[in-house]
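The sequence shown: position 350 = 349 (numbering that gives the first Met the number 0), numbered continuously.
C-beta: ideal position from N, C-alpha, C; glycine also.
Predicted model, so just to flag it, every value in this text is computed and none were measured.
For reference, the structure discussed in these notes is given below.
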Amino acid sequence: MSEFARRIVVVGTGYVGLTTGACLASLGHRVICADVDRAKVERLQAGQIDIREPGLGEMVGEMLAAGRLSFVTGARTALEELRRDGAQCEVLFVCVPTPMGIGGIADLSAVEAVIDEVREVLPAGAIVVNKSTVPVGTGERTAELIDRPDIAVVSNPEFLREGSGVYDFLHPDRIIVGSNAQDAAERVAALYARLGAPTVLTDLASAEMIKYAANCFLATKLSYVNAIAELCERLGADVADVTEGLGYDKRIGQSYLSPGPGWGGSCLPKDTAALLQLSDSVDFEFRLLRAAIETNTRQSRRIVEKIQAAVTGKRNGSLSRARIALLGLAFKAGTSDLRDSPALAVAAQLRQAGAELLAFDPAITAEDSSFDGDLLTVVDDPYVAAKDADAIVILTEWPEFRGLDWRRLATVVKRPLVLDTRNIVDPDVLRRAGFSWSAVGRPPRM
Ligand code: NAD
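Listed below in structure tokens is the structure:
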């Protein structure tokens, strides 16, 4: 082990924890990952990973073989294992879930459980680094909970995107490290030195705020684009050209500029709700953020009304005799994550309007899906999903949907109608195949 290599414990082996553990091992550190889920730990020990992340499975396998990465059940076990080997944990990363709790408040019970588990057994001089997204003030509270002057607390929020986690971790736009103990912040920043990324060293509260400010800005940008798309529909403009023209402006940029069925996933909904709740708690009326959230709630309703109008001719028409094929269920392409997926929000409202739903998603198989059969049926073939459908609705921007045999799909459906909520399939291809098409923010064509 080089003199720069550190002994690291990572708690939580989900999207953030597993990627962090494997990537830090690949940077030369010795990493033990801990999780409460014993069955998951056993799969990881055998080199099997549950999540769809390019390069992660290979990296985990290589690091296991190199002896730089291992998996155990329980954070305390990780610390004990290191001590048994005559080593000490220098840095402990907390990468556990912080889901939306009652009233939008972030549920910190998993973070607190980890702190409770390790506080007495952390070796003197260890640094506790929080990578979970937590409300401003959590770092200070963590230090109070640990209540040991020999342990420093650092906030090091994570910005990776699901579906490109390894790449994002190794090529970050920036590294944020916040602490009220500067030497601890510098030691954590040094773990990433080989990445050569711009690094912002700051205090705990500012580091925690940067993560919320970033996610809430992205959510607001998407709501803004969805509102512009609706205006385009009403005024006869084409949002595809509008966003292309907008995005070339370097002050705006091309990313997070695609309209759709609403933003979702495991981060934006809970982080916007948490910042709004935090604003309320200090008597700040964050109108802009509230409007972004409300615009998003309305977006899935608007999509459902478009489907109702296309199928029944009425904005609120009953879909009780309609069969709808859904293409895509994951909250975005490249992942199988269904948490707070806008596709499921649309599906639930379609079901409520009486529709029968068959769904296909390249990352979700009929066997591994845990859907309530009353909401929808998952099938493993898009042509089966489309059989006898009154409409095909594209809900996730999987690039493979562009390459489907649309002529064949036109022969299996009951009515040749496509609503492309992600604006990804060329309308001319659909028109030539015999479909009538509508999208979000684009003028309709027959
Ligand atoms: P996840 O649900 O994929 O994984 C969390 C893991 O933590 C699970 O394996 C769970 O079993 C484990 N866990 C729960 N309680 C535990 C405990 N007490 N001890 C040990 N392990 C425990 O979550 P995630 O998506 O990796 O998110 C983790 C945090 O990172 C959240 O705060 C999230 O907001 C933030 N984050 C997520 C992303 C993302 O794209 N998913 C990106 C940036 C930040």
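Discussion item. Just to check my reading of the structure: Thr-334 and Glu-161 have Cβ atoms closer than 8 Å, yes? What is that Cβ distance to the nearest angstrom?
Written reply: The C-beta separation of Thr-334 from Glu-161 comes to about 4 Å, placing the pair in contact by the 8 Å criterion.
Worksheet item: Nearest to Gly-7 by alpha carbon, out of Ile-209, Asp-240, Pro-122?
Response: The question names Gly, yet the displayed sequence has Ile at residue 7. The shortest C-alpha to C-alpha distance from Ile-7 to any of Ile-209, Asp-240, Pro-122 is the one to Pro-122.
Practice prompt. Using 10 angstroms around the beta-carbon of Val-110, count the other beta-carbons present and answer buried if the total reaches 16, otherwise exposed.
Written response: Buried, by the Cβ-count rule.
Worksheet item: Regarding Gly-100 and the ligand NAD, is the C-beta to nearest heavy atom distance less than 8 Å?
Response: No, the beta carbon of Gly-100 sits no closer than 8 Å to any heavy atom of the ligand NAD.
Worksheet item: Just curious, the alpha helix (DSSP H) that Val-40 is in, first and last residue?
Response: Where Val-40 is concerned, the enclosing alpha helix (DSSP H) stretches over 37-44.
Item to complete: Quick one: using the 10 Å Cβ neighbour count with 16 as the cut-off for buried, is Asp-146 buried or exposed?
Response: When all chains shown are included, Asp-146 counts as exposed.
Worksheet item: So, is Ile-101 buried or exposed, given that buried needs 16 or more other C-beta atoms within 10 angstroms?
Response: By the neighbour-count criterion, in which a residue is buried when 16 or more other Cβ atoms sit within 10 angstroms of its Cβ, Ile-101 is exposed.
Worksheet item: Any idea which residues DSSP pairs Met-58 with across the strands?
Response: The partner list for Met-58 (beta bridge, DSSP) is empty, contrary to what the question assumes.
Discussion item. If contacts are defined as beta-carbon pairs under 8 Å, then Thr-12 and Leu-43 qualify, I think. What distance do you get, rounded to the angstrom?
Written reply: Taking C-beta atoms under 8 Å as the contact rule, Thr-12 and Leu-43 qualify, at a distance of about 6 Å.
Worksheet item: Mapping DSSP to helix, strand and coil, what is Leu-349?
Response: In the structure shown, Leu-349 falls within a helical segment according to DSSP collapsed to helix, strand and coil.
Worksheet item: Would you call Gly-16 buried or exposed, if buried means 16 or more other Cβ atoms sit within 10 Å of its Cβ?
Response: Around the Cβ of Gly-16, a 10 Å sphere holds 16 or more other Cβ atoms; the residue is buried.
Fill in: Buried/exposed call for Tyr-211, threshold 16 Cβ in 10 Å
So Tyr-211 ends up on the buried side.
Worksheet item: Below 8 Å, can you find three or more Cβ-Cβ pairs linking the stretch 248-263 to the stretch 341-359?
Response: Yes, since at least three Cβ pairs between the stretch 248-263 and the stretch 341-359 fall closer than 8 Å, the two stretches touch.
Worksheet entry | Buried/exposed call for Val-95, threshold 16 Cβ in 10 Å | Result: buried.
Worksheet item: For Val-378, which of Thr-395, Ala-390, Glu-57, Ala-358 has the nearest alpha-carbon?
Response: Taking only the C-alpha atoms, the option nearest Val-378 is Ala-358.
Item to complete: Decide if Glu-399 is buried, meaning its Cβ has at least 16 other Cβ atoms within 10 Å, or exposed.
Response: Under a 10 Å Cβ-count criterion, Glu-399 is classified as exposed, with fewer than 16 other Cβ atoms of the shown protein chains found around its own Cβ.
Worksheet item: Can you tell which of Gly-164, Ile-292, Ser-178 has its C-alpha closest to the C-alpha of Asn-155?
Response: Looking from the CA of Asn-155, the closest CA among Gly-164, Ile-292, Ser-178 belongs to Ser-178.
Worksheet item: Can you tell me whether DSSP reads Asp-182 as helix, strand or coil?
Response: Looking at Asp-182 - three-state DSSP - the assignment turns out to be helix.
Worksheet item: Would the C-beta of Ile-50 count as close to the ligand NAD, meaning under 8 Å from any of its heavy atoms?
Response: Under cutoff, so the answer is yes.
Fill in: Contacting residues, own chain, Cβ-Cβ under 8 Å from Lys-313 (five flanking each side not counted)
Once the five neighbours on either side are set aside, the close Cβ partners of Lys-313 are Gln-307.
Practice prompt. For the beta strand (DSSP E) containing Ile-323, list its first residue and its last residue.
Written response: Ile-323: member of the beta strand (DSSP E) spanning 322-326, first to last residue.
Discussion item. I'd like the span of the beta strand (DSSP E) that includes Asn-214, first residue to last.
Written reply: Boundaries around Asn-214 are those of the alpha helix (DSSP H), 203-234, since no beta strand (DSSP E) includes it.
Worksheet entry | Beta-carbon proximity check, Ala-226 vs Thr-294, cutoff 9 Å | Pairing Ala-226 with Thr-294 gives a Cβ-Cβ distance under 9 Å.
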